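Reminder that position 33 of the sequence shown reads as 787 in our numbering, one-by-one numbering, no gaps.
C-beta: ideal position from N, C-alpha, C; glycine also.
Just so you know, these numbers come straight off a predicted model, no measurement behind them.
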Amino acid sequence: MRKTMTSLLAGIGLVLACGTSVYAQDKELTIFWAEWDPANYLQELGNEYEKETGVKITVETTPWPDFQTKAFTEFNAHGDAYDMVVGDSQWLGAGSTGGHYVDLTDFFNKHKVGEVMAPATVKYYAEYPGGSSKYWAIPLEGDAVGWSYRKDWFEDPKEKEAFKAKYGYDLDVPKDFKALRDIAEFFHRPDQKRYGIAIYTDNSYDAMAMGFENALFSFGGELGDYKTYKVDGFINSDKAIAALDAYKELYTFTPPGWAKSFFVEDNQAITENLAAMSMNYFAFFPSLINEASNPNAKNTGFFANPAGPGGDQFAALGGQGISIVSYSQKQDEAVKFLEWFIKDETQKKWAALGGYTCSAAVLKSPEFQNATPYNKAFYETMFKVKDFWAVPEYAELLQQLNQRIYPYVIGGPGTAKETLDALAADWNATFKKYGRGQ
């Protein structure tokens, strides 16, 4: 009897222990993201949430090159390792149509998220298909391409005098692509190991697309019609052709060996005294104002992507929204976290930590715009952004762009028109294969 009672008590203890374990598990949420500083800021924000609610937030990260593969491997296996994912904007199509993301349309409408967040972030980080009013993510990390520059080079009286003598106007932060090009040419001095500009050229993921889009959109060009999937007359229009030629010319003013550059190299262009101006996502600018990582921090300034010849001014969108994974066993708890995340006071904390808030109110506030040397340019940019195709087959479209544009930009044969005509043909075939626009 005693043995039986002991076994019974042990069994009860096991049940209680298991119950406690299950309960503790229910009070923890795992968010998957790429390995970079904003993920660290999100973990800090998550620690604040745990203090307030008792729910532990774990931000699990993986290096950027592995991020997409690891996420979709888990999605396709219907795994529940992640409760939420901070996915790239291009993932919306695959994430939603593949059944991997929870439909957040009711959440969006209930909490008026479309009024809380900047319009472009709602359009590109949350809605799919475009114009459908169906939402699959909450804008989390706003980002876009901007520029850093060497203020000391720009403000040197001798340089200013020489620039005006050559170009007929004052050397200043470029307001348009003509000035961007002239300044890049002016400071391009290979014999002094000083170069004009650093741009994105890497063709292994989306660097080339993000770089070229800054010219394309500001020159008045478009990738295509997002509703009809028509690309002829868009990606190979006269404006697009002029934009590609302009981007190729900028490449001629880059440092040597710049044919495979992305965010790491473009920051190094500033920190290692290589270039007068450098393209990069705003998310990588914090290290440029840190004297520990940038010896030129005090002499580094920032500006928004310049306007094109017709006055259009846009930038390539980066950044991500946060989605609830449909295979998560803790979706209700994840919803509570999102309700907390979109509050004004939380968005202020997010911005203060270093996260790029998408809150329209916070972005517009003088407090935010004056917090760093680049926040004002970021604010200006986030209301003037456009994105790549977000359809499920976006990876194929991206690969085709790289295969056509990359060789041309880095000095390959042919013309911009031939390059973009070939890309249009590639995209037409891809959209036809998936039954779009027919």
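Residue i classed as buried or exposed, judged by whether at least 16 other C-beta atoms fall within 10 angstroms
i	result
residue 1012	buried
residue 909	exposed
residue 990	buried
residue 1018	exposed
residue 938	buried
residue 897	buried
residue 855	buried
residue 767	Note on residue 767: pLDDT 40, under 50, position unreliable in the model; the coordinate value appears next. Exposed, by the Cβ-count rule.
residue 833	exposed
residue 869	exposed
residue 1188	exposed
residue 1174	buried
residue 881	buried
residue 945	exposed
residue 1157	exposed
residue 756	At residue 756, the pLDDT of 33 sits below 50, so the modelled position is not reliable; the number obtained from the coordinates is stated separately. Residue 756 is exposed by the Cβ-count criterion.
residue 1178	buried
residue 1144	buried
residue 1140	buried
residue 778	Because the pLDDT of residue 778 is 41, which lies under 50, any placement of that residue in the model is unreliable, and the question is left without a value.
residue 830	exposed
residue 808	exposed
residue 935	buried
Within 9 Å, strictly: CB atoms of residue i and residue j
i	j	result
residue 1159	residue 1031	no
residue 1072	residue 894	no
residue 960	residue 1142	yes
residue 1105	residue 901	no
residue 872	residue 821	no
residue 1041	residue 857	no
residue 1054	residue 904	yes
residue 949	residue 964	no
residue 1069	residue 972	yes
residue 1010	residue 1023	no
residue 844	residue 1152	yes
residue 907	residue 931	no
residue 947	residue 974	no
residue 1195	residue 786	Past the edges of the chain, shown from 755 to 1192, lies residue 1195, and the structure says nothing about it.
Supposed contact pair residue j and residue i - C-beta distance, whole angstroms, cut 8 Å
i	j	result
residue 839	residue 848	Incorrect: roughly 12 Å between the Cβ atoms, too far for contact.
residue 1117	residue 1133	5 Å
residue 891	residue 1077	4 Å
residue 1126	residue 1043	6 Å
residue 979	residue 1182	Residue 979 to residue 1182, Cβ: 12 Å. No contact.
residue 1060	residue 952	Actually they are not in contact, since the Cβ atoms of residue 1060 and residue 952 sit about 15 Å apart, beyond 8 Å.
residue 1084	residue 837	5 Å
residue 1107	residue 798	5 Å
residue 988	residue 998	Not a contact, Cβ separation roughly 13 Å.
Continuous beta strand (DSSP E) stretch holding residue i: start and end
i	result
residue 782	782-788
residue 1029	1029-1035
residue 810	810-816
N-terminal and C-terminal residue of the alpha helix (DSSP H) that residue i is part of
i	result
residue 962	961-972
residue 795	791-807
residue 875	873-879
residue 912	911-921
residue 866	It is not in any alpha helix (DSSP H) - residue 866 carries neither H nor E in the DSSP assignment.
residue 1100	1098-1107
residue 1012	Careful: residue 1012 lies outside any alpha helix (DSSP H) and carries neither H nor E.
Paired residues, beta bridge with residue i - DSSP
i	result
residue 1056	902
residue 1071	898
residue 1163	DSSP lists no partner for residue 1163.
residue 886	Answer by DSSP bridge pairing: none, since residue 886 is not bridged.
residue 1077	839
residue 1147	DSSP, once it has assigned bridges, lists no residue as partnering residue 1147.
residue 1140	1070
residue 943	948
residue 930	1061
residue 855	1079
residue 893	1075
residue 1113	871
heavy atom of the ligand MN below 8 Å from residue i C-beta
i	result
residue 1056	The ligand MN is absent from the structure shown, which contains no ligand whatsoever.
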